[in-house]
Amino acid sequence: MNYLITNARAVLTDSTPPVTDIRIRDGLIAELGQNLQAAPDEDIIDATGCVAWPGMVNTHHHLAQSVLKGIPEGLNHGLDDWLASVPYRFWPSITPDLMYYAARLGLYELLRSGATTCADHHYLYHAGSSTEVEDAVWQAADELGIRLVLCRGSATTKGSHRGLQSGLIQPETLGQVIERMDHTRVRYHQTGGNAMRKLVVAPTSLVHSSTPDDLRACADYARANNLKMHSHLLEVEFDEIQAKRKYGMSAIDYAEHCHWLGDDVWYAHLVWCDDYAVKKLAETGTGIAHCPTSNCRLGSGIAPAIAMQEAGINITLGVDGSASAESGSMIQEANMSWLIHRAANKNPAATSAGQMIRWASKNGADLLGLNQTGEIRTGMAADIVLYDIDRPRLSGVHSPLYAPLLCGEPVDVKYSFVQGKPVVSKGVVNHLDEDELVARVKEGVADLLKKVS
Numbered sequence: 181m182n183y184l185i186t187n188a189r190a191v192l193t194d195s196t197p198p199v200t201d202i203r204i205r206d207g208l209i210a211e212l213g214q215n216l217q218a219a220p221d222e223d224i225i226d227a228t229g230c231v232a233w234p235g236m237v238n239t240h241h242h243l244a245q246s247v248l249k250g251i252p253e254g255l256n257h258g259l260d261d262w263l264a265s266v267p268y269r270f271w272p273s274i275t276p277d278l279m280y281y282a283a284r285l286g287l288y289e290l291l292r293s294g295a296t297t298c299a300d301h302h303y304l305y306h307a308g309s310s311t312e313v314e315d316a317v318w319q320a321a322d323e324l325g326i327r328l329v330l331c332r333g334s335a336t337t338k339g340s341h342r343g344l345q346s347g348l349i350q351p352e353t354l355g356q357v358i359e360r361m362d363h364t365r366v367r368y369h370q371t372g373g374n375a376m377r378k379l380v381v382a383p384t385s386l387v388h389s390s391t392p393d394d395l396r397a398c399a400d401y402a403r404a405n406n407l408k409m410h411s412h413l414l415e416v417e418f419d420e421i422q423a424k425r426k427y428g429m430s431a432i433d434y435a436e437h438c439h440w441l442g443d444d445v446w447y448a449h450l451v452w453c454d455d456y457a458v459k460k461l462a463e464t465g466t467g468i469a470h471c472p473t474s475n476c477r478l479g480s481g482i483a484p485a486i487a488m489q490e491a492g493i494n495i496t497l498g499v500d501g502s503a504s505a506e507s508g509s510m511i512q513e514a515n516m517s518w519l520i521h522r523a524a525n526k527n528p529a530a531t532s533a534g535q536m537i538r539w540a541s542k543n544g545a546d547l548l549g550l551n552q553t554g555e556i557r558t559g560m561a562a563d564i565v566l567y568d569i570d571r572p573r574l575s576g577v578h579s580p581l582y583a584p585l586l587c588g589e590p591v592d593v594k595y596s597f598v599q600g601k602p603v604v605s606k607g608v609v610n611h612l613d614e615d616e617l618v619a620r621v622k623e624g625v626a627d628l629l630k631k632v633s
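Each number in the numbering used here corresponds to the 1-based position in the sequence shown with 180 added.
What follows is the structure, encoded as structure tokens:
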């Protein structure tokens, strides 16, 4: 189906003069302008009262955690204790069915906030696991029409985080990791700058749960198959302490030692980066998934994102797991980023609204190798979100184009398109019954609590 979006109040694009209409043909943005006339084969989308943004790109999530929000035991824990009391306590009991509904819930939250791409750091693998839990994530994304980049987590040792030391999980062998990952690559991975599915090699923790040799083997596999690489690093000071204790070097030097720096690599968090680490990341082209809400929630700190940007590092945004943020909203992350770095730098000019939207869209698309998305520009994939700003709480905003970011949640997505196909229509996420989703999640959570009690 082809579409003509008309009468937008504002469109986030570099095109001049100002744009009100967007023509979508064969999944691509075919024309931008004003007062465009509809062709006979086009459906008209009336965007009156809406602003149009490129779909946002979430570069770090844990969809399974969508059913682990607000666990009482972890509400006031830092990362290490939280890992043991929340995700690693529950995930061995997450069934394929619950994973499916957790993924639908997490993707629903992303879509209703304006995201069109999700990079899910999926780590629910162990020595005896099957493909079914992973397959549930792919299925949920396919049904909802969102782009999915599955960052295939792994642990080959019990390591130095309390979560894996609990004894509930038997790590995979390196052979299992590579064999299972290759099975996923053959079944699901697509190449190209507008792929709907991509696979990323993503050991769950660089410092804590893999050996140097295993990390090098994963890096070799990734680069032999042109796959991106991702992991957690320097979320807390413990990463630096353990790298020096176990390997006699800083965490960033350890990453380099294991062949885990480069323009095909990005890390979540990077909160505890000193000037040396920032310089090393910039020199190698390594990127960041900045997750400010989760870092605040766990008391981890604030990543030096402004210094990183000034050094030339690609800054992108991730919502992280909803068990450590209680939110799966990209608007939340963009708004938080806009605010928190002004406070941290004691400078109201440290961030701008346009800059934050770029972090949330174009930068993320480029980082994931989806460089035909992330912008509203002729020839790009039509990943477009229409925010309804004709709402009471936004009606007094004098900067309408940036109103969703400036005011933050709740936002109203009237329409959203991925590769030119509507995934949200008239404010409703397509192919999803909200009442049914709530019922299934509540049933699944009740069963989960019985298993771990």
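Even glycine gets a Cβ: it sits at the ideal position worked out from N, Cα and C.
In this text, all values refer to a predicted model and were calculated from it rather than measured experimentally.
Under the three-pair Cβ rule at 8 Å, the region 524-535 does not count as touching the region 204-221. Beta-bridge partners assigned by DSSP to C230: D568. Exclusion of the five residues before and after K459 leaves A491 as the residues of its chain whose Cβ lies within less than 8 Å of its Cβ. In this structure, the straight-line span from the alpha carbon of Y595 to that of P602 is close to 7 Å. The region 569-587 and the region 231-239 touch, with no fewer than 3 CB-CB distances between them shorter than 8 Å.
Secondary structure note for C398: its alpha helix (DSSP H) is the uninterrupted segment P392 to A404.
Taking 8 Å as the cut-off, the beta carbon of A399 is found no closer than this to the beta carbon of L414. A direct Cα-to-Cα measurement between L386 and V317 gives close to 23 Å. For the 8 Å CB-CB criterion, P383 and S411 form a contact. The beta carbons of H241 and D500 sit closer together than 8 Å. For the pair of segments examined, the region 500-517 was found to touch the region 262-275: the number of CB pairs separated by less than 8 Å reaches three. In this structure L478 is in contact with L259, their Cβ atoms being roughly 5 Å apart against a cut-off of 8 Å. When C-beta atoms of the region 369-382 are compared with those of the region 427-441, fewer than three pairs fall below 8 Å, so the two segments do not count as touching. Taking 3 residues as the shortest admissible run, the region 405-458 contains the following complete beta strand (DSSP E) segments, listed from N- to C-terminal end: 408-413 and 445-449.
In the three-state reduction of the DSSP assignment, G355 falls in the helix class, which pools H, G and I.
By the Cβ criterion, the region 184-193 is in contact with the region 541-556, since at least three pairs of Cβ atoms, one from each stretch, lie closer than 8 Å.
Partner residues in the beta bridge of C298, as assigned by DSSP, are N238 and L328. In the DSSP assignment, P584 falls within the alpha helix (DSSP H) that extends over A583 to C587. For the pair H521 and T531, the Cα-to-Cα distance works out to about 7 Å. P602 has F597 as its beta-bridge partners, per DSSP.
Within the same chain, Cβ atoms closer than 6 Å to the Cβ of Q599 are found at G207 and A561, the five residues on either side in sequence being excluded.
Distance between N515 and G588, taken at the CA atoms: about 6 Å.
CA-to-CA, the gap between R189 and V199 works out to about 9 Å. Taking C-beta separations shorter than 7 Å and ignoring five residues to either side along the sequence, R425 has no partners in its chain. At a Cβ-Cβ threshold of 8 Å, V577 and G294 do not count as neighbours. Distances from the CA of P472 to each of L461, L255, A487 and T496 were compared; the closest alpha carbon is that of T496.
Excluding five sequence positions before and after L519, none of the CB atoms of its chain fall closer than 6 Å to its own CB.
One Cα belongs to R365, the other to K622, and the distance between them is close to 33 Å. Between the alpha carbons of G465 and Y447 lies a distance of about 12 Å. D226 and V591 have their C-alpha atoms some 18 Å from each other.
Apart from the 5 residues on each side of it in sequence, S474 sits with its Cβ closer than 6 Å to the Cβ of D500, S504 and A505 in its chain, given in chain order. For Y281 and D627, the gap between their C-alpha atoms comes out near 13 Å. The shortest CA-to-CA distance from Q370 to any of S517, L330 and R620 is the one to L330.
When C-alpha distances from G544 are compared across S575, I358, F418 and L328, the shortest belongs to L328. The DSSP-derived three-state label of A282 is helix.
The C-beta distance from F270 to V632 rounds to 6 Å, short enough to fall under 8 Å.
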